[in-house]
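In my numbering, the protein residues as written are 8 to 473.
Below is one structure, written out as structure tokens, with a few remarks after it.
This is the structure in structure tokens:
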């Protein structure tokens with residue numbers, strides 16, 4: 008009996024110790040802790056902690072996006088904490104910042120998993136904000152839940168229309184899109200297709216018929232809607248518009264798309280409206296069927312790693328697309344400084360032994376790595392505006408809406424008056440094959456052929472060309 012009592016007492020004492028240790032941990036209110044501490048590992052002192060998180064597909068069909076995106080995300084969080092001393096530091100001498108505590112989960116490109124992880128981040132991990140969730144599959148599955156929860160959501164790695172609000176009402180205001188929305192991109196893609204005839208080296212002399220191969224998912228459907236919208240807008244002032252042939256695809260297997268490709272065979276230019284897997288399948292099917300028309304695709308596909316092998320042939324269809332980051336000579340001083348910051352973070356990661364030189368080099372040519380840089384930086388802009396104030400979700404909303412935000416290596420977004428439309432300016436780029444790019448990249452590269460323009464600016468050029 009005595010032995011049993013001793014065992015019970017021992018268990019009770021252990022539980023008491025565990026509860027005591029738990030009580031000594033930081034206390035959070037909506038993902039914010041204001042208890043000062045020094046990180047024993049790095050020696051950096053902070054005035055508190057801020058929890059953020061994201062669902063990022065690091066494996067599965069979208070790993071070619073999620074791997075560099077998530078890898079740089081992790082690196083930048085460490086840089087922010089260890090080199091910058093955290094976020095919301097203030098301006099006074101010796102001012103301390105908040106340490107970013109970032110949690111990410113690999114949803115493998117599956118919306119059901121993504122929603123579960125997002126719920127976990129909100130309900131179990133208790134994040135202050137979701138920063139940089141990746142993928143259309145996740146926003147379709149989880150946006151309603153996110154709005155109901157009232158948790159800020161900064162930057163979605165998608166152009167889905169699920170994040171488009173103008174003006175936003177209620178909890179919609181806590182969604183802060185950055186990337187161009189697919190509907191807006193569809194409008195731009197239609198105008199760029201018309202512009203090809205005046206673009207040197209396009210091989211297009213006139214555009215009377217535009218083919219649109221689009222997925223049935225949200226990205227393809229939204230781009231299609233944007234194309235139709237812009238064509239209808241143009242008709243109001245100029246009824247003489249190109250004919251548009253739509254071909255919907257439901258498969259990401261190239262051999263199953265032969266009939267859809269035949270529908271666009273006589274078109275002057277073909278728009279492929281869909282994310283990476285749909286783009287790769289449709290483009291490959293076109294080359295197999297000898298439909299070698301210039302292709303315009305979504306900005307989410309503008310990365311050498313996404314380009315199908317068939318595109319490296321000199322006889323293959325040229326690939327064009329929009330880009331919302333500016334890394335060439337057309338960049339202004341602020342954008343050039345942003346790019347130098349991005350490069351410096353990669354170099355820091357190599358110096359600290361966090362990443363290899365080859366990984367850093369892969370980030371330097373990855374639009375996806377740059378995207379997570381942008382996601383975290385936009386969040387930092389808002390939270391830094393609260394450096395000397397109490398940080399609450401309501402205060403964060405006010406800070407994000409208080410003034411326009413410069414988007415790194417890009418243009419700007421303005422969330423004032425409930426505006427949630429993302430960027431509406433894009434440049435126009437072309438894929439240059441490895442044999443044409445020389446030593447630029449073994450996989451080829453994308454080069455700027457038209458600088459960043461808004462819809463109104465493109466329309467103005469088209470009017471001047473008539």
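Heads up, the beta-carbon is just placed ideally off N, CA and C, and yes, glycines get one too.
Check your understanding: Once you ignore the five residues that flank residue 93 on each side, which residues in its own chain have a CB closer than 6 Å to its CB?
Key -> As a working note, residue 93 is residue 86 in the chain shown. Excluding residues within five positions, the ones whose Cβ falls inside 6 Å are 53, 104, 105, 106.
Practice item. Would you mind sorting residue 229 into buried or exposed? The rule is 16 or more other CB atoms within 10 Å of its CB. Key: Within the chain shown, numbered from 1, the residue matching residue 229 stands at position 222. Per the 10 Å Cβ criterion, buried.
**Study point:** Validate contact between the region 377-392 and the region 173-180 using beta carbons, cut 8 Å, 3 pairs
**Key:** no
Check your understanding: Per DSSP, residue 427 is paired with what?
Key -> On the chain shown, position 420 is the one that residue 427 refers to. Residue 427 pairs with 172.
Exercise for review: Answer with buried or exposed for residue 42, where buried requires no fewer than 16 other C-beta atoms within 10 angstroms of its C-beta.
Suggested key: Translated into the one-based positions of the chain shown, residue 42 becomes position 35. Answer is exposed; the Cβ neighbour count stays below 16.
Check your understanding: With 16 other CB atoms within 10 Å as the buried threshold, where does residue 58 fall?
Key -> Your numbering for residue 58 matches position 51 in the chain shown. The residue in question, residue 58, is buried, as its Cβ has 16 or more Cβ neighbours within 10 Å.
**Study point:** residue 106 (DSSP reduced to helix, strand or coil)
**Key:** Within the chain shown, the letter at position 99 stands for residue 106. Strand at residue 106.
Point to revise | Closest by C-alpha distance to residue 440, when choosing among 381, 310, 468 | key: Along the chain shown, read from residue 1 onward, the residue named residue 440 stands at position 433. It is 310 whose Cα lies nearest to the Cα of residue 440.
**Study point:** residue 98 and residue 134 closer than 9 Å at C-beta
**Key:** What you label residue 98 is simply residue 91 of the chain shown in a count that begins at 1. What you label residue 134 is simply residue 127 of the chain shown in a count that begins at 1. Their beta carbons are not under 9 Å apart, which means residue 98 does not touch residue 134 by this criterion.
Check your understanding: What are the start and end residues of each continuous beta strand (DSSP E) run of 3 or more residues lying completely inside the region 139-200, in chain order?
Key -> 160-164
Check your understanding: Roughly how many whole angstroms lie between the Cα atoms of residue 66 and residue 118?
Key -> Within the chain shown, residue 66 is the residue found at index 59, counting from 1. Within the chain shown, residue 118 is the residue found at index 111, counting from 1. Using only the alpha carbons, I get a separation of about 14 Å.
Review point. Measuring CA to CA, which of 295, 281, 250, 292 is closest to residue 275?
Key: Walking along the chain shown from the start, residue 275 turns up at place 268. It is 250 whose Cα lies nearest to the Cα of residue 275.
Check your understanding: On the premise that residue 307 lies in contact with residue 220, defined as a C-beta separation below 8 Å, what is that separation, rounded to the nearest angstrom?
Key -> What you label residue 220 is simply residue 213 of the chain shown in a count that begins at 1. What you label residue 307 is simply residue 300 of the chain shown in a count that begins at 1. Wrong, their Cβ atoms sit about 15 Å apart, outside the cutoff.
Check your understanding: For residue 433, which residues does DSSP report across the bridge?
Key -> The residue given as residue 433 occupies position 426 in the chain shown. Bridge partners of residue 433: 460.
Review point. Looking only at its own chain, which residues have a Cβ that is under 6 Å from the Cβ of residue 140, when we skip the five neighbours before and after it?
Key: Position 133 of the chain shown holds residue 140. Counting only Cβ-Cβ distances below 6 Å, and skipping sequence neighbours, we find 61, 62, 163.
Exercise for review: Less than 8 Å between the CB atoms is what I'm expecting for residue 459 and residue 432, so what's the real figure, rounded?
Suggested key: The residue labelled residue 459 in the question sits at position 452 within the chain shown. The residue labelled residue 432 in the question sits at position 425 within the chain shown. Confirmed, Cβ separation roughly 5 Å.
**Study point:** Burial state of residue 28 (16 or more Cβ within 10 Å)
**Key:** The residue given as residue 28 occupies position 21 in the chain shown. At residue 28, the pLDDT of 42 sits below 50, so the modelled position is not reliable; the number obtained from the coordinates is stated separately. With fewer than 16 Cβ atoms within 10 Å of its Cβ, residue 28 is classed as exposed.
Point to revise | Candidates 291, 215, 258, of which the one nearest residue 322 by Cα | key: Reading the chain shown from its first residue, position 315 is the one you call residue 322. The residue with the shortest Cα to Cα distance from residue 322 is 291.
**Study point:** CB of residue 76 within 9 Å of CB of residue 438, strictly
**Key:** Along the chain shown, read from residue 1 onward, the residue named residue 76 stands at position 69. Along the chain shown, read from residue 1 onward, the residue named residue 438 stands at position 431. Not in contact: residue 76 and residue 438 (Cβ atoms no closer than 9 Å).
**Study point:** Residues of its chain near residue 472, where Cβ-Cβ distance is below 7 Å and the 5 sequence neighbours each way are ignored
**Key:** As a working mapping, residue 472 is identified with position 465 in the chain shown. The residues are 205.
Review point. For residue 392 versus residue 157, is the C-beta spacing smaller than 9 Å?
Key: As a first step, residue 392 must be located in the chain shown, where it is residue number 385. As a first step, residue 157 must be located in the chain shown, where it is residue number 150. Not in contact: residue 392 and residue 157 (Cβ atoms no closer than 9 Å).
Practice item. Can you tell me which of 231, 224, 442 puts its alpha carbon nearest to the alpha carbon of residue 259? Key: As a working mapping, residue 259 is identified with position 252 in the chain shown. That would be 224, whose Cα lies nearest to the Cα of residue 259.
Check your understanding: So what does DSSP say about residue 123, is it helix, strand or coil?
Key -> What you label residue 123 is simply residue 116 of the chain shown in a count that begins at 1. If DSSP states are grouped into helix, strand and coil, residue 123 belongs with the helices.
Practice item. Could you check how far apart the C-beta atoms of residue 381 and residue 415 are, in whole angstroms? I think they sit under 8 Å. Key: Taking the chain shown and counting its residues from 1, the one referred to as residue 381 is at position 374. Taking the chain shown and counting its residues from 1, the one referred to as residue 415 is at position 408. Rounded, the Cβ-Cβ distance is 5 Å, consistent with contact.
Review point. Thinking C-alpha only, which one of 233, 272, 236 is nearest residue 252?
Key: Translated into the one-based positions of the chain shown, residue 252 becomes position 245. Comparing Cα positions, the closest option is 272.
Exercise for review: Just mark residue 445 as buried or exposed, buried being the case when its beta carbon has 16 or more other beta carbons within 10 Å.
Suggested key: Taking the first residue of the chain shown as position 1, residue 445 is located at position 438. Only weak support is given to the placement of residue 445: the predicted model assigns it a pLDDT of 49, under 50, and the value that follows is read from those uncertain coordinates. Label assigned to residue 445: exposed.
Point to revise | 8 Å contact criterion, which residue 317 and residue 342 should meet: CB distance rounded | key: What you label residue 317 is simply residue 310 of the chain shown in a count that begins at 1. What you label residue 342 is simply residue 335 of the chain shown in a count that begins at 1. Wrong, their Cβ atoms sit about 33 Å apart, outside the cutoff.
Review point. Mind pulling the beta strand (DSSP E) runs of 3 or more residues that sit fully within the region 316-402?
Key: 326-330
Check your understanding: If you draw a straight line from the alpha carbon of residue 367 to that of residue 378, how long is it in whole angstroms?
Key -> The count along the chain shown starts at 1 and reaches residue 367 at position 360. The count along the chain shown starts at 1 and reaches residue 378 at position 371. For residue 367 and residue 378, the distance between alpha carbons rounds to 15 Å.
Review point. Which value, in whole angstroms, describes the spacing of the CA atoms of residue 33 and residue 132?
Key: Indexing the chain shown from 1 puts residue 33 at position 26. Indexing the chain shown from 1 puts residue 132 at position 125. If you take the alpha carbons of residue 33 and residue 132, they lie about 13 Å apart.
Review point. How close, in whole Å, do the beta carbons of residue 264 and residue 280 come, if the pair is a contact with beta carbons under 8 Å?
Key: On the chain shown, position 257 is the one that residue 264 refers to. On the chain shown, position 273 is the one that residue 280 refers to. Not a contact, Cβ separation roughly 14 Å.
Practice item. List the DSSP bridge partners of residue 55. Key: To locate residue 55, count along the chain shown from 1; it is residue 48. The partner list for residue 55 (beta bridge, DSSP) reads 105.
Point to revise | Boundaries (first-last residue) of the alpha helix (DSSP H) holding residue 414 | key: If you number the chain shown from 1, residue 414 lands on position 407. Here residue 414 belongs to no alpha helix (DSSP H), and DSSP marks it neither H nor E.
Check your understanding: Hey, how far is the Cα of residue 114 from the Cα of residue 255?
Key -> Translated into the one-based positions of the chain shown, residue 114 becomes position 107. Translated into the one-based positions of the chain shown, residue 255 becomes position 248. Their Cα atoms are separated by approximately 27 Å.
Review point. Under a Cβ-count criterion, where at least 16 other Cβ atoms within 10 Å of its own Cβ denotes burial, should residue 467 be classed as buried or exposed?
Key: In the chain shown, residue 467 corresponds to position 460, counting from 1. Burial call: exposed.
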